[in-house]
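Working notes, structure below.
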DNA sequence: CCCAGATAGCTGTATCTTACAGGTACTTAT
DNA sequence: ATAAGTACCTGTAAGATACAGCTATCTGGG
């Protein structure tokens, strides 16, 4: 470690360390925000938000498909979906093509609530990044997109 | 919304939406990884890792300082520190300058374990970002750093 | 010096999120 | 028609965290 800087021999090592640090930090911020925000923004559970975004994006799906996509156990999604149905955010209907399955669809109320949360979060980022130049915001968005893309196609965790 | 693109009137809105989406996605990746990794990498709890990094970085501290810094309740840190002491990762000594407080210091074993986890995570990022140009990695690191900086100084969550 | 209020840490308890195990109903393949 | 697999649900358990209440200690005004 700690080679001659001019060679750049372990510059990448250093950069990777920085990325590791910053991602870890970002995760902590996110979790803390989620918890601290608590009742206020919790018109919509974080889990519910993710599910609604998925349904809005990829169309009505059954529970197994959701669970796979969200990296969650089926039983977890069953419970989340039950709560969301109780709150009128989604409807659950028998799958006409598979008697075992249930198709989950967002309700208008659910989509509306999701959009509101999304707008609030976007506004929050607007505040947080208030001093940034537009091109820097763009660079950030692009770098995050590429990071997620890389994570999705990672070799083997 | 959806103004004439040539004016760039709501380009920022769109960019903020992208950032919101990508951060949310990154969080889900992180959580899924943490859970899936499970017993394997769990030579070191994620909480313990963060605490050790902090102690290594900022020196021995008492529990309240840690809790404040980590955005956690004092009782949570008390329990985490107890577990870490049981595992020989830290030591807890009475604060000579405040009879109420306890000073938490990392042990050599704790630092070593932390360094090992850090190295493993750095290697993981090396795999994930295998195809990236060094300057892109650098840009990512810098953007993440600036994002975290902005989060730290955010107006008011 | 002494007491009131603040602070540090610990313990008990509750909540939230999740996973795993087992059960039932249905589907698919042989 | 039967066996194996799948989809979902329910029971149970584990982990992380917050809040409330407790004790010991510190600090500042009389």
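Protein chains in written order, with the numbering used here: chain A, 77 to 233; chain B, 77 to 233.
Glycine included, each C-beta is placed from N, C-alpha and C at the ideal position.
All figures in this text were calculated on a predicted structure; none of them were measured in a lab.
Item, Value
"Bridge partner(s) assigned by DSSP for residue 168/B", "180/B"
"Whole-angstrom distance between residue 180/A and residue 168/A, CA atom to CA atom", "5 Å"
"Reduced DSSP secondary structure (H/G/I, E/B, other) of residue 224/B", "helix"
"Supposed contact pair residue 227/B and residue 223/A - C-beta distance, whole angstroms, cut 8 Å", "At roughly 17 Å, the Cβ-Cβ gap does not stay under 8 Å, so residue 223/A and residue 227/B are not in contact."
"Contact set between residue 98/A and chain B, taken where Cβ atoms lie within less than 7 Å", "217, 220, 221 and 224"
"Residue(s) in a DSSP beta bridge with residue 138/B", "179/B"
"Three-state secondary structure (DSSP) of residue 130/B", "helix"
"Beta-carbon neighbours of residue 170/A, restricted to chain B and to distances below 9 Å", "Simply none; closest approach about 29 Å."
"Sub-8 Å separation of residue 187/A and residue 124/A beta-carbons", "no"
"Residue 207/A (DSSP reduced to helix, strand or coil)", "coil"
"Status (buried if at least 16 other CB within 10 Å, exposed otherwise) for residue 198/B", "buried"
"Own chain, CB closer than 8 Å to residue 150/A, minus 5 neighbours either side, in chain order", "139, 140 and 143"
"Buried or exposed (CB count within 10 angstroms, at least 16 for buried), residue 36/A", "Since the first residue shown for chain A is 77 and the last is 233, residue 36/A is missing from the structure and cannot be characterised."
"Cβ of residue 198/B within 8 Å of any chain A Cβ", "yes"
"Within chain B, partners of residue 91/A - CB distance below 8 Å", "210, 213, 214 and 217"
"Backbone CA spacing between residue 237/B and residue 204/B [nearest angstrom]", "The requested residue 237/B is not part of the displayed model; chain B covers only 77 to 233."
"Collapsed DSSP secondary structure at residue 148/A in the structure displayed", "coil"
"Cβ-Cβ distance between residue 128/B and residue 182/B below 8 Å", "yes"
"Beta carbon of residue 165/A nearer than 8 Å to that of residue 189/A", "yes"
"Cβ-Cβ distance between residue 98/B and residue 220/A below 8 Å", "yes"
"Neighbourhood of residue 234/B by C-beta distance below 6 Å, restricted to the same chain and skipping five residues each side", "Missing from the structure shown is residue 234/B; chain B here goes from 77 to 233 and no further."
"Of the residues 202/B, 137/B and 230/B, the one placed nearest residue 174/B, counting alpha carbons only", "137/B"
"Within 8 Å, strictly: CB atoms of residue 162/A and residue 95/B", "no"
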